[in-house]
Amino acid sequence: PARNAHERTSRFLSLILRHAPDKIGLALDPNGWADVADLLDKATRHGTPLTLDTLRDVVAGNDKQRFAFSEDGTRIRASQGHSLKSVDLALAPAVPPPVLYHGTASRFITSIRQSGLRPGSRQHVHLSTDRDTALKVGSRYGVPVVLEIRATELHGQGQLFHQADNGVWLTAAVPVRFIDFP
Ligand code: HQG
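If you're matching positions, the sequence shown starts at 2 in UniProt numbering and goes up one per residue.
And the structure:
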């Protein structure tokens, strides 16, 4: 039960901090940060009782390190995955490794071959440094397929890459010619 409670809280935080803070009347600053005391108060008043201890446990024990506290611990944000257009994580541009991986589902391959990787409802295309992670990401939507992205080449064309605090690589889109299909 402990794990399920954590997972429920993690999903709730993903919803609130990435997509819909207004569901509980919460405000995020331009870089996606929420005030911790405000989050606890508003979550609790909107039917999801949340204490600081639980929040700390969920952040520390999260399998993908989805959330991060500010250095002084007074603010919290999601490290990536936002759909909110108003949030700019203000990550510094970074030089990607030669190859990054994108996990997708077999049913999307025809479309990806036509239009490359698109961010969909999120702000960025998400890329992994290793195949195993990409395989897990792709499995969420069906039979997984791992694509290889020639990141150095794409970066060399002037495209920006960013690395989120939890290690996930973010970029705007990936044209087909930089993708190696299996
Ligand atoms: C696919 C999770 C058709 C894309 C993960 C993906 C990640 C296309 C889906 C993070 C396409 C979008 C993000 C095109 C891309 N035609 N389909 N042209 N271009 N797609 O969930 O990368 O657990 O928005 O391949 O671990 O799956 O939430 O992106 O299958 O890090 O923390 O469209 O979310 O993290 O799906 O996942 P998503 P994603 P969390």
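Positions of the beta carbon are idealized from the N, C-alpha and C atoms, including for glycine.
- Item | Completely contained alpha helix (DSSP H) runs for the segment 94-171, where each covers 4 or more residues | Every alpha helix (DSSP H) of 4 residues or more that sits fully in the segment 94-171 is shown, in chain order, as 110-116, 132-140 and 152-157.
- Per-residue burial, PHE68 [other beta carbons within 10 Å of its own, 16 or more giving buried]: The residue you call residue 68 lines up with position 67 of the sequence shown. It counts as buried.
- the ligand HQG heavy atom lying under 6 Å from the CB of GLY82: Taking the sequence shown and counting its residues from 1, one reaches residue 82 at position 81. Flag set: Cβ of GLY82 near the ligand HQG.
- Query: Is the Cβ-Cβ distance between LEU155 and PHE182 less than 7 Å?
  - Reply: Position 154 of the sequence shown, counted from the first residue, corresponds to residue 155. Position 181 of the sequence shown, counted from the first residue, corresponds to residue 182. Not a contact, by the Cβ cut-off of 7 Å.
- Query: Which value, in whole angstroms, describes the spacing of the CA atoms of HIS7 and GLN115?
  - Reply: Counted from its first residue, the sequence shown places residue 7 at position 6. Counted from its first residue, the sequence shown places residue 115 at position 114. Cα to Cα, HIS7 sits roughly 39 Å from GLN115.
- Item | DSSP state of ALA91 mapped onto helix, strand, coil | The residue given as residue 91 occupies position 90 in the sequence shown. The answer is coil: DSSP assigns ALA91 none of H, G, I, E or B.
- Measuring CB to CB, does LEU51 end up less than 7 Å from ALA44? Counting from 1 along the sequence shown, the entry for residue 51 is found at position 50. Counting from 1 along the sequence shown, the entry for residue 44 is found at position 43. Yes.
- Which of helix, strand or coil DSSP assigns to ASP42: If you number the sequence shown from 1, residue 42 lands on position 41. ASP42 falls in the helix class under three-state DSSP.
- Find the nearest neighbour of ASP30 within the set LEU18, LYS24 and LEU41, judged by alpha-carbon distance. The sequence position of residue 30 within the sequence shown is 29, counting from 1. Considering only alpha carbons, the answer is LEU18.
- Task: Tell me whether VAL60 counts as near the ligand COA, meaning its Cβ is closer than 6 Å to at least one heavy atom of that ligand.
- Result: With respect to small molecules bound, the structure shown includes the ligand HQG and not the ligand COA.
- Query: Can you tell which of ALA38, PRO97 and ARG123 has its C-alpha closest to the C-alpha of ALA21?
  - Reply: Counting from 1 along the sequence shown, the entry for residue 21 is found at position 20. Of the candidates ALA38, PRO97 and ARG123, the one whose C-alpha sits nearest the C-alpha of ALA21 is ARG123.
- Task: Determine, using beta-carbon pairs with one atom in the segment 127-134 and one in the segment 160-178, whether at least three such pairs fall under 8 Å.
- Result: Taking a cut-off of 8 Å for Cβ pairs, the segment 127-134 and the segment 160-178 touch, as three or more such pairs fall below it.
- Item | Per-residue DSSP class, three states only, for ARG67 | Taking the sequence shown and counting its residues from 1, the one referred to as residue 67 is at position 66. Of the three classes helix, strand and coil, the one that applies to ARG67 here is coil, per DSSP.
- Does the ligand HQG have even one heavy atom less than 6 Å from the beta-carbon of THR105? As a first step, residue 105 is located in the sequence shown; it is residue number 104 there, counting from the start. Yes - the ligand HQG has a heavy atom lying nearer than 6 Å to the Cβ of THR105.
- Query: With respect to the alpha helix (DSSP H) encompassing ARG78, which residues constitute its N-terminal and C-terminal limits?
  - Reply: Sequence index remark: in the sequence shown, residue 78 carries index 77 (1-based). Careful: ARG78 lies outside any alpha helix (DSSP H), inside the beta strand (DSSP E) at 76-79.
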